[in-house]
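Here's the structure, in structure tokens; my notes come after.
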Amino acid sequence: MSSPLCVLIVEDDFLIRACLTEFLHDDGVTVLEAESCAEAFSYLRSEAVIDVMITDISLPDGNGKSLSRAARTDRPDLPVIFTTGYSAGADGLAGELRSRDRVISKPYPLATVLRLLHEVTQTAA
């Protein structure tokens, strides 16, 4: 039996983070939660197995773009799902996205996140 998918959620909005975490837990996904870049870095620098990172583009102590770049120093194949509440936020990712990365605008249906998780983990690296 394979181990469950492990997702790092980086989201400063508590309600969004809690709702997404509960939804993914209910689907059997292991979730690591971070409300800031600093907290996310502690997970990314650890030995934790992280299959996918879901990160808000705009965070209080940085941004998802810089976070993903830094994460890929040690985890070059890490797929990232970027979330944004701003239409201009997605535009700023031009040239940053890799083949397994995705962008989703808030508010988003939780089922869409699950679909994207399956998409990015099924695509060959």
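Throughout the sequence shown, residue numbering follows UniProt numbering, covering 1 to 125 in sequence. Idealized CB from N, CA, C, for every residue including glycine. All values reported here derive from a predicted model rather than from experimental measurement.
query	result
Those residues which DSSP pairs with residue 62 across a bridge	59
Cα-Cα separation, residue 105 to residue 113	11 Å
Alpha helix (DSSP H) runs contained entirely in the UniProt domain "Response regulatory" (6-121), provided each spans 4 or more residues	14-26, 37-44, 64-74 and 87-91
Neighbourhood of residue 108 by C-beta, 6 Å cutoff - its chain only, sequence neighbours within 5 removed	none
7 Å Cβ shell around residue 72 - same chain, five flanking residues per side excluded	78
Rounded C-alpha distance that separates residue 20 from residue 74	26 Å
Nearest-angstrom beta carbon gap, residue 67 and residue 40 [assumed within contact, 8 Å]	6 Å
Counted within 10 angstroms of its Cβ, other Cβ atoms place residue 11 as buried (16 or more) or exposed	buried
Cβ neighbours of residue 31 in the same chain (closer than 7 Å, five flanking residues each side left out)	7, 9, 21, 24 and 25
Through-space distance from residue 48 to residue 42, alpha-carbon basis	10 Å
Distance cut-off 6 Å: residue 101 Cβ against heavy atoms of the ligand SAH	What this structure holds is no ligand at all, so the ligand SAH is not there to describe.
Proximity of residue 56 and residue 64 at Cβ, strictly below 7 Å	yes
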